[in-house]
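Trainee: Position 7 of the sequence shown, counting from 1, maps to 1074 under the numbering used here, and the rest follow consecutively.
Note that CB positions come from ideal geometry on N, CA and C, so glycine has one too.
This structure is in structure tokens; I'll ask about it shortly.
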Amino acid sequence: MGRRLLAVLASTALLLAGIGVSAPAAAETLPLSNVGHLDFLLDDVAPAASGEHDTWRLAEEPQLVLPWANADARDGGAFERRGGGQFDPATGYWAQGAFNADDTARAAVVYLRHWAQSGDEFSQRSAYELLRSTAYLQTATGSNAGNVVRWMQPDGTLNPGAAPAAPTDTSDSSESVWSARALWAFGEGYAAFRDVDPAFASFLQERLRLGVAALDRQPLTRYDEYLTADGAQVPAWLISNAADASAEAVLGLSAYLAAAAHDDRVRAATAKLAEGIAALGSGDARTWPYGAVLPSVESLSMWQAEGSQMPAALAAASAVLEDATLLEPAVTDSAVFDPILLTAGGADNGWKPTPVDRTQNAYGVDSRLRSLIAVSAAAGKPGLLDLASLFGSWYFGTNASGEPTYDPATGVVFDGVAPDGAVNRNSGAESTIHAQLSMLALDANPELRARALGLTTVVSREGATVVQAEAASSTSGKVVAPQETDTGESRYSGTGYLELAEGRTATFALPSSTGQRLISPVVLSGENGNASSLWRSEYVPLGVLEHSAGKQGITAAPGALLPQPLPIAAPPQSSSVSVTALAGPVRVDALIVRPLFSRLTFAGSNASTELVHSASAVAQRVPVNAAGGAGTLKSYNAQGALVAEHAISGVAQITVKPGGFAIVTKG
């Protein structure tokens, strides 16, 4: 009996027995990775060959294997496989389709890695089948050759015009994130099959080269050209103008180059994409986007955890291209931004630029986790693995629900957790794929795995918070509530913003704190504007800000909604901050309020990890380990390099460098 049939029968049995997601004691010794639920999502399809769509041995092996896009939770713990969009019983079709290229390609990567780590022959076969299916979805001939059609119906019919329409066309008319994911699969597939099945590997090489040729005639024709985004110069040659999409391609291209180092055309394309990704890293511990690599050239105001594999891609590219400069923005993203993200709440779905979407899921968590592992290895910065353990523990309880989201006994991961702790108990392909990539990464790093498994509870967290400008305790300005809070490139964090004409004032209550706080007003700056504002905390001046954005260019709206850090921190015990518009109008969306030293503590039954991150401009000594007990204390600078390490037996102090972080591990 095939493993996939067993997976379907097991899901049916669960309907009778019921199942809860837990992290059983057996997980401490057995592999965390379990492709059982992903097996359940796979199905067979027999599409027809055509001039544009064909694949390896389709005549001899007419059945293709693809994963259903969604799996909706049903009573008793079972799941029902579903496609995308509404189902039409008259046609048997879904508005989008049953299967998509995104999941098919990434599922291939899961099985390739599972095969490599476990030697599982069924995973080898599943990887082979999914790579064949990915190749079928790629257009092989004609003007769109090398691009990929996204959706397929249950009978194998391609659906290039899926509804509702995605933000980008779902056809093969241009480069896309799903064509990037196909390159990821082809690259890792070639490397895995090169010595095992050279003929099949040669086919994958042809398809990867076909995809690279499509990039060469589409975005890469604009290499070394720049677009304007609210006055900033951004690269014009990324896939779909996106660093996150380009990163998925670079992961595959780098894996391919590790096995085919002399392919100059692929090497050139990889270098160009990696250069464009690296160009979107900016900021520092005090200044937006806090060292992160932004996902899109079309917005300076938005970052999201989903797909944020840019550091992992840069780490991989830096190794195969032997270009250390690519690693620099990846290290900053990991060593500076990730501690800010963790202490603020974790791998949120959207900072735009305030954290307006605090839903979290496996795709976002996995992107952060594996990026930290990759950068740690490439840069020789083992301290980043302590940060990785904090992200990895999300699966085992350190999320807003306080419960495990992944069950190693079944391979089921829930589709997400809302900020109020509500759990989306569906378990679709994307979440399942990225949970498995996380578990494979943890299994490959035993010490990291043990740390992540040992942390199940959020003991405390003191990080970035948001004060809504519309909720000013007093103001002579006016509240503006636009019809749409989403501008296309950013989103107002509440109902709108507070507008202050020249001379108008507002006062905002601050959360209580015993330490200094860095305050960053989030202001809508007009294109070529001349607004300015004076900020105080009671009698202490915090600074004057100028509010002006550059030329709109490629962004969706004129002006820019961005945090602007005040140069002086608000004093301890300060209960409010006030603003006066020196020249108006000044449009304030919110205040991002961050402790000068952000903190969190995660713990389990026998272990704990405390993180302290500095937004200070100077090195300062900070207290740690307030709960006492023996542990190890390490301090790192903003480049993730170890500064000091001590064994401690109780409350301690350590100097934290500007933008750096300290870690206390116990157990």
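(1) Determine the direct distance from the alpha carbon of D1139 to that of F1154, and round the result to whole angstroms.
(2) Is the separation between the beta-carbon of H1120 and that of T1206 shorter than 8 Å?
(3) Pull up the DSSP beta-bridge partners for M1746, would you.
(4) Taking the alpha-carbon positions, what's the R1070 to A1627 distance?
(5) Which value, in whole angstroms, describes the spacing of the CA atoms of A1623 and A1548?
(6) Under 8 Å, do Y1323 and L1275 count as touching if we go by C-beta distance?
(7) Whole beta strand (DSSP E) runs in the segment 1292-1352 with 3 or more residues, listed along the chain?
(8) Identify whether G1254 lies in helix, strand or coil by the three-state DSSP scheme.
(9) Quick check on P1639: buried or exposed, where buried means 16 or more other Cβ atoms within 10 Å of its Cβ?
(10) Buried or exposed: N1673, going by 16 or more other Cβ atoms within 10 Å of its Cβ?
(11) Looking only at its own chain, which residues have a Cβ that is under 6 Å from the Cβ of D1297, when we skip the five neighbours before and after it?
(12) How should A1115 be labelled, buried or exposed, when 16 other C-beta atoms within 10 angstroms of its C-beta is the threshold for buried?
(13) Helix, strand or coil: which one does DSSP assign to E1551?
(14) Going by beta carbon distance, what residues of the same chain come within less than 8 Å of V1360, once the five residues before and after it are set aside?
(15) Could you give the DSSP three-state label for I1440: helix, strand or coil?
(16) In the segment 1119-1200, which residue ranges form an unbroken alpha helix (DSSP H) of at least 4 residues, counting only runs that do not cross its ends?
(17) What is the DSSP secondary structure of S1599, reduced to helix, strand or coil?
(18) Beta-carbon separation of L1520 and S1100 under 8 Å?
(19) Thinking S1543 and R1571 are a contact (beta carbons under 8 Å), I'd like their distance in whole angstroms, please.
(20) Taking the Cβ atom as the reference point for each residue, do D1482 and G1495 lie within a distance shorter than 8 Å?
(21) By Cβ distance below 7 Å, which residues in the same chain neighbour Q1184 in space, the five residues on each side in sequence not counted?
(22) What does a CB cutoff of less than 7 Å around A1316 pick up in its chain, not counting 5 residues either side in sequence?
(23) Return the first residue and the last residue of the beta strand (DSSP E) that A1386 is part of.
(24) Is the CB-CB distance between D1170 and P1134 below 8 Å?
(25) Just the C-alpha distance for L1522 and A1694, rounded to the nearest angstrom, thanks.
(26) At what residues does the beta strand (DSSP E) containing S1675 begin and finish?
(27) Closer than 8 Å, CB to CB, is Q1376 near chain D or not?
(28) Return the CA-CA distance between M1219 and G1164, expressed in angstroms with no decimal places.
(29) Go ahead and label L1097 buried or exposed: buried means 16 or more other beta carbons lie within 10 angstroms of its beta carbon, across all protein chains shown.
(30) Going straight from the alpha carbon of A1729 to that of L1179, what length do you get?
(31) Go ahead and pull the three-state DSSP assignment for G1103.
(32) Which term fits D1474, buried or exposed, when burial requires 16 or more other beta carbons within 10 angstroms of its beta carbon?
(33) Name the two residues that bound the continuous beta strand (DSSP E) containing T1532.
(34) Would you say R1173 and I1500 are within 8 Å of each other, going by their C-beta atoms?
(35) How about S1527 and L1700: do their beta carbons lie closer than 8 Å?
(36) Less than 8 Å between C-beta atoms, sequence neighbours within five positions excluded: which residues of the same chain meet that for N1137?
Mentor: So, from the listed chains and residues:
(1) Numbered from 1 along the sequence shown, position 87 holds the residue referred to as residue 1154. Numbered from 1 along the sequence shown, position 72 holds the residue referred to as residue 1139. Taking the straight line joining both Cα atoms gives about 14 Å.
(2) The residue given as residue 1120 occupies position 53 in the sequence shown. The residue given as residue 1206 occupies position 139 in the sequence shown. Cβ distance < 8 Å, so H1120 and T1206 count as in contact.
(3) With the chain covering 1068 to 1734 only, the question about residue 1746 has no answer from this structure.
(4) Within the sequence shown, numbered from 1, the residue matching residue 1070 stands at position 3. Within the sequence shown, numbered from 1, the residue matching residue 1627 stands at position 560. Roughly 52 Å between the two C-alpha positions.
(5) Position 556 of the sequence shown, counted from the first residue, corresponds to residue 1623. Position 481 of the sequence shown, counted from the first residue, corresponds to residue 1548. Approximately 19 Å, taken between the alpha carbons.
(6) Position 256 of the sequence shown, counted from the first residue, corresponds to residue 1323. Position 208 of the sequence shown, counted from the first residue, corresponds to residue 1275. Cβ distance < 8 Å, so Y1323 and L1275 count as in contact.
(7) Fully enclosed beta strand (DSSP E) runs of 3 or longer: 1293-1296, 1299-1302.
(8) Here residue 1254 is taken as the residue at index 187 of the sequence shown, counted from 1. Here G1254 sits in helix by DSSP.
(9) As a working note, residue 1639 is residue 572 in the sequence shown. P1639 is exposed by the Cβ-count criterion.
(10) Numbered from its first residue, the sequence shown carries residue 1673 at position 606. Around the Cβ of N1673, a 10 Å sphere holds fewer than 16 other Cβ atoms; the residue is exposed.
(11) Indexing the sequence shown from 1 puts residue 1297 at position 230. Same-chain partners within the cutoff: L1367, A1616, G1617, T1622, A1627.
(12) Taking the first residue of the sequence shown as position 1, residue 1115 is located at position 48. When all chains shown are included, A1115 counts as exposed.
(13) In the sequence shown, counting from the first residue as 1, residue 1551 sits at position 484. Reduced to three states, the DSSP call for E1551 is coil.
(14) Counted from its first residue, the sequence shown places residue 1360 at position 293. A1310, I1344, A1345, L1347, G1348, S1375, M1377, P1378, L1381, P1396, A1397, D1400, listed in sequence order.
(15) Counted from its first residue, the sequence shown places residue 1440 at position 373. I1440 carries a helical assignment under DSSP once its states are collapsed to helix, strand and coil.
(16) 1168-1185
(17) If you number the sequence shown from 1, residue 1599 lands on position 532. Three-state result, S1599: strand.
(18) Looking up residue 1520 in the sequence shown gives position 453. Looking up residue 1100 in the sequence shown gives position 33. Their beta carbons are not under 8 Å apart, which means L1520 does not touch S1100 by this criterion.
(19) As a working note, residue 1543 is residue 476 in the sequence shown. As a working note, residue 1571 is residue 504 in the sequence shown. Between R1571 and S1543 the Cβ distance is about 5 Å, and since that is below 8 Å, they are a contact.
(20) The sequence position of residue 1482 within the sequence shown is 415, counting from 1. The sequence position of residue 1495 within the sequence shown is 428, counting from 1. Closer than 8 Å, so yes.
(21) The residue labelled residue 1184 in the question sits at position 117 within the sequence shown. Sequence-distant Cβ neighbours of Q1184 in its own chain, meaning closer than 7 Å and more than five residues away, are L1507, D1510, A1511.
(22) In the sequence shown, counting from the first residue as 1, residue 1316 sits at position 249. A1247, L1250, W1251, I1306, L1340, listed in sequence order.
(23) Sequence index remark: in the sequence shown, residue 1386 carries index 319 (1-based). Element bounds for A1386: not the beta strand (DSSP E) but the alpha helix (DSSP H), 1377-1388.
(24) Start at 1 with the first residue of the sequence shown, and residue 1170 comes out as number 103. Start at 1 with the first residue of the sequence shown, and residue 1134 comes out as number 67. Yes, Cβ-Cβ distance for D1170 and P1134 is below 8 Å.
(25) Stepping through the sequence shown from its first residue, residue 1522 is reached at position 455. Stepping through the sequence shown from its first residue, residue 1694 is reached at position 627. Roughly 16 Å between the two C-alpha positions.
(26) Start at 1 with the first residue of the sequence shown, and residue 1675 comes out as number 608. Residues 1675-1681.
(27) Here chain D cannot be found, since the structure has a single protein chain.
(28) On the sequence shown, position 152 is the one that residue 1219 refers to. On the sequence shown, position 97 is the one that residue 1164 refers to. Distance between the alpha carbons of M1219 and G1164: 5 Å.
(29) For this step, residue 1097 is matched to residue 30 along the sequence shown. Classification for L1097: exposed.
(30) On the sequence shown, residue 1729 is found 662 positions in, with the first residue counted as 1. On the sequence shown, residue 1179 is found 112 positions in, with the first residue counted as 1. Each residue's Cα considered, the two are about 36 Å apart.
(31) The residue labelled residue 1103 in the question sits at position 36 within the sequence shown. Residue state, collapsed to three classes: helix.
(32) Walking along the sequence shown from the start, residue 1474 turns up at place 407. With a threshold of 16 other beta carbon atoms within 10 Å, D1474 meets it and is buried.
(33) On the sequence shown, residue 1532 is found 465 positions in, with the first residue counted as 1. Element bounds for T1532: 1532-1535.
(34) The residue you call residue 1173 lines up with position 106 of the sequence shown. The residue you call residue 1500 lines up with position 433 of the sequence shown. Yes, they are a contact pair.
(35) As a position in the sequence shown, residue 1527 is number 460, starting the count at 1. As a position in the sequence shown, residue 1700 is number 633, starting the count at 1. In this structure, L1700 does not lie closer than 8 Å to S1527 by Cβ.
(36) As a position in the sequence shown, residue 1137 is number 70, starting the count at 1. Only R1148, R1149, G1150, G1151, N1493, G1495, A1496 meet the Cβ criterion.
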